[in-house]
Amino acid sequence: MKFVFIEPELNDINVKETQKASYIRKSFQVGPGIEAARMYSTALGVYIPSLNGKDLDERRLLPGFTDYDKRVQYQEYDILSCLKEGENVAGCILGDGWYRGNLGPFNNRYVYGQKTKYACSIQLVYGDREEWILTGEDWKSFQDGPLQENDLKKQEVYDATKEMPGWNEPGFEDGGWHGCALAEYTGKVIPMEGEPLLMQERFTPKVLHTSDGNTVLDFGQNLAGIVEFTVSGKAGTKVSMVLGETLNEEGNFTMKNLEGEGNKNEKMGVGQRLTYILKEGKQTYRPHFLISGFQYAKLEGWPEEVRPENFVSVAIYSRLKETGTFTCSNPDVNKLFQNMRWSQKSNFVDIPTDCPQRERAGWTGDINVFVETANYLTDTRAFLRKWMHDLISEQFENGNFPVIAPRVPMFGGESSSSGWSDAIAAIPMAQYRTYGDTTFLEEAYDAIKRYVECCRGMARKNHFLHLFKRGEHRQYIVDTGYHFGEWLEPGGSNVKDALKAIVCPDSEVATAWFYYSSRTLSQIASILGKKEDEEEYVSLAEKVKEAYQKEFLKGGMPQSTRQCKYVRPLYMGLVENEGKERLAKALNELCVKNNYKIGTGFLTTYQILNVLTDNGYQETAYKMLEQEECPGWIYEVKQGATTIWEGWMAIQDGKVGTQSLNHYAPGAALSWLFSRCAGIRPIGPGYRRILIRPVPGGTFTYAKASYESVAGRIVSNWERKDGHFVLKVELPEGVPAIVVMPDGKRYENAVTGTYECEL
Ligand code: BGC
């Protein structure tokens, strides 16, 4: 496919200012006898393609987010039915998007370039003759259209008085428009990967008149998306809305949790502001490129009574097939489950992100901990394969992996961290287990190997604060490099935790992950039949494990009262047999002593319920899940949460803190509802063998789960009554399955049916 890139902005741009969107048009002739017509297009920026006045695509924010220095996706359209004989017009609105808009934790702009670019190739087929219309200097462009400011994150300003009716249709007088400049693009232009980013559920708001005198809309659901509205008024009237996630303790709209109290630093603000200048009369507006994480909208300057029917919030996320359902007898857990689904939706916006408002970055650690849960909820194959390509494309020279992919500037230089960079090993393995496909493993293999070698190099070096430490095993302890560590245990804050990690990384966390990735690499080598590598990395993993035990366990025990210090060695397999039993017992005691309140952070929350359950402490797991006080999952539900919060104390005693209310990472623990509570798990890759091993407990009198695996539909519904346990199982025909009942009875050749036991 041949693409010619053009820049619609001819003059130098002032990088200090926000930029206007470009409108681009090309008039072309279609002769008689046309038989086929296709259009291929892409942009460095975000764009809306149209033909003869009609938008060609319902997907949003095309061409999607990739590291544009390396690759950009193109879109393809069959345009025959949109064409007519005579004059036709191809149109495009081109905005900043991820290419040059505000990006990542520090709101960097122009990360990938200064001027947006567009490429379009139109193919017209007449019998055996073919005609190509390619973007070039003769394509017309204009910057002073209605879209006066555009950004995914900060602000969209639309001046309806500047609308140009018919600008992308034949017969438009484009005298005031100018030509474009040819531009170079050295990356790869590739076909679309991933899943379509689409407008989905819609919510009508309640109108609140808050005590500080504002009019605020409450859409009832926190999500990533837009607000569409209808308004009537005089031409030139300016209205705006700011989109946020919560009300404060006085019931007033606040952005405090996203940008700090009374944020004075414009750069650090998330913005999420839409400004609209009315034309005369009644009009409806749908934002073009702005997308926000919000539940509430504060309105400013509304020229008429604010009526709920004039507003609707529309969720926007990548459309993945839903594969998992879960309900149980505890309505709060059911709500929590829905909240987790919404946090996935809000953060599967073309790439897997941390949160949909503040940073919106492809944080590698967040999807690392969430992948298993995501795989129960949805079919992630295409979505995560695209993102794995993004990740692989970002590997550093030294083999390490970034904490964010596609690339977004961090602290300067190359930022990596254990638990985050390890996504390179964890995700392909998770995909193999769930879908049984070795493609992921093959594609990532070399990258994982280089990564593990990089970790080996880090381990050989010593942190200057640890130079006094001696011992052979020290060459397997990772204490150099930057590592976020456990991250955000209850009471932790992003700034505090980041500073702690800068002073000295937590080598226990980093070494455990070094073990995890070398062991995973050895398993992948074995699956792919790479015998030598398998042996090499089994032996490396063993040495790291020994070193871990020597350095971090005294008499087999962690010298700490932090829950994470027990969960991690347990779930990673860093302790065995009796050592494992002792550690699990100690973890259980810590949890009981803590009144079943969660004490873990980012890197172990997703495993705490699993390790408790797998070691015989399922009652503790249930109590931790169901307890209602802070910190805990149900506490958030009781506070009215509609998504999963970033920090356990994001809202405490009604006081709004400084954390996002829409992070899926702490919700990742809920894969437990499928894998332990309902007990649906793959034994062989891709559910080629299935295990159904339900674990009842807590207040649950029933649980119902279904999962559309690649091998077929699986259902596990159980009910307990007066000490009697009834399990109804549905299994795909011909797939070997084992059912293990709570009393320990095993059915080796299980089939669809009802199984019963006494509890
Ligand atoms: C993000 C996280 C991310 C982290 C790194 C935060 O600011 O929102 O979810 O993984 O930084 O620790």
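To convert, note that position 21 of the sequence shown is 26 in our numbering; the numbers rise steadily by one, no gaps. Note that the Cβ used here is the ideal one computed from N, Cα and C, for glycine as well. This structure is a prediction, so every number in the text was calculated from the model and none was measured.
| task | Could you name the residues of the same chain whose beta carbon sits closer than 7 angstroms to that of R718, not counting the 5 residues immediately before and after it, in chain order? | result | The beta carbon of R718 is closer than 7 angstroms to those of S711, E735 and P737 in its chain, skipping five residues each way along the sequence.
| query | Between the stretch 93–112 and the stretch 405–414, do at least 3 Cβ pairs fall closer than 8 angstroms? | reply | Yes, the stretch 93–112 touches the stretch 405–414.
| request: May I ask you to list the residues that DSSP assigns as paired with W368? | output: DSSP, once it has assigned bridges, lists I409 as partnering W368.
| message | My output table needs one value for R278: the three-state DSSP class, helix, strand or coil. | response | R278: strand per DSSP, three-state reduction.
| Buried or exposed: G606, going by 16 or more other Cβ atoms within 10 Å of its Cβ? | Buried, by the Cβ-count rule.
| query | Just checking my contact of Y487 with S421 at CB under 8 angstroms: how many whole Å lie between their CB atoms? | reply | Beta-carbon to beta-carbon, Y487 and S421 are separated by about 7 angstroms, close enough to satisfy the 8 angstroms threshold.
| query | Based on the DSSP output, what are the partners of W723 in its beta bridges? | reply | For W723, which the question treats as bridged, DSSP gives the partners A708 and L732.
| field | Residue nearest to E200 in terms of C-alpha spacing, selected from A428, R278 and Q80 | value | Nearest C-alpha to E200: Q80.
| task | Look at the Cβ atom of T280, then the Cβ atom of V162, and state whether they are nearer than 7 angstroms. | result | Yes, the Cβ-Cβ distance between T280 and V162 is below 7 angstroms.
| message | So, with DSSP's three-state summary, where would you put Q343? | response | It is helical.
| request: Check the C-beta distance from Q664 over to W650 and give it rounded, since I have them as a contact under 8 angstroms. | output: About 7 angstroms separates the two Cβ atoms, so the contact holds.
| task | Can you say whether L781 is buried or exposed, counting buried as having 16 or more other CB atoms within 10 angstroms of its CB? | result | Given that the chain is displayed from residue 6 to residue 764, the structure contains no residue 781 and the question cannot be resolved.
| With 16 other CB atoms within 10 Å as the buried threshold, where does L732 fall? | L732 counts as buried, since no fewer than 16 other beta carbons sit within 10 angstroms of its beta carbon.
| query | Could you give the residue range of the beta strand (DSSP E) that holds G298? | reply | First-last of the beta strand (DSSP E) with G298: S297 to E305.
| said: Among the candidates L389, W392, Y104 and G424, whose CA atom is the shortest distance from the CA of N405? | reply: The shortest C-alpha separation from N405 is found at G424.
| request: Run the CB neighbour count on P747, radius 10 Å, all protein chains shown included, and call it buried at 16 or more, exposed below. | output: Answer is buried; the Cβ neighbour count reaches 16.
| Does the beta-carbon of M629 have 16 or more other beta-carbons within 10 angstroms, so that it is buried, or is it exposed? | By the neighbour-count rule (16 or more Cβ atoms within 10 Å), M629 is buried.
| message | Determine whether the beta carbon atoms of E250 and L696 lie at a separation below 7 angstroms. | response | No, they are not a contact pair.
| DSSP beta-bridge partners of Y131 | Note: Y131 is bridge-paired with R134 in the DSSP secondary-structure output.
| Uninterrupted beta strand (DSSP E) stretches inside the stretch 198–243 (no shorter than 3 residues) | Taking only runs of at least 3 residues, the beta strand (DSSP E) segments lying wholly in the stretch 198–243 are 202–208, 211–214 and 220–238.
| request: Label N352 either buried or exposed according to how many other C-beta atoms from any shown protein chain fall within 10 Å of its C-beta, with 16 as the threshold for buried. | output: The residue in question, N352, is buried, as its Cβ has 16 or more Cβ neighbours within 10 Å.
| If we count the other Cβ atoms within 10 Å of its Cβ and call it buried at 16 or more, is K660 buried or exposed? | Exposed is the call here.
| query | In the structure shown, what three-state DSSP assignment does A646 receive? | reply | A646 falls in the coil class under three-state DSSP.
| request: Check C569 in the structure and name its three-state DSSP category. | output: Residue state, collapsed to three classes: helix.
| query | Skipping 5 residues on each side, what residues in its chain have a beta carbon closer than 6 angstroms to that of G703? | reply | Once the five neighbours on either side are set aside, the close Cβ partners of G703 are Y627 and E631.
| Residues near D60 in its chain [Cβ-Cβ closer than 8 angstroms; skip 5 each side] | Result list for D60: I53 and P54, in chain order.
| Looking only at its own chain, which residues have a Cβ that is under 7 angstroms from the Cβ of V756, when we skip the five neighbours before and after it? | The residues are L736.
| query | Which one of T328, D17 and Y440 has the shortest CA to CA distance from I688? | reply | Looking at the Cα atoms, Y440 is the closest of the given residues.
| field | Residue span of the alpha helix (DSSP H) that contains C333, given as start and end | value | Counting along the chain, C333 falls outside any alpha helix (DSSP H), though it belongs to the beta strand (DSSP E) covering G329 to C333.
| query | Who sits around the ligand BGC, taking every residue whose Cβ is closer than 6 angstroms to one of its heavy atoms? | reply | Chain-ordered list of matching residues: P110, D359, C360, E364, W368, G370, D371, F489, W492, N499, H668 and A670.
| Considering S55, what are the terminal residues of the beta strand (DSSP E) in which it resides? | Looking at the DSSP string, the run of the beta strand (DSSP E) that includes S55 is V51 to L56.
| Since R390 is in the alpha helix (DSSP H), which residue starts that stretch and which ends it? | Per DSSP, R390 belongs to the alpha helix (DSSP H) from R386 to I397.
| query | Cβ of P772 within 7 angstroms of Cβ of I29? | reply | Residue 772 lies beyond the stretch modelled for the chain, which goes from 6 to 764, so this question has no answer here.
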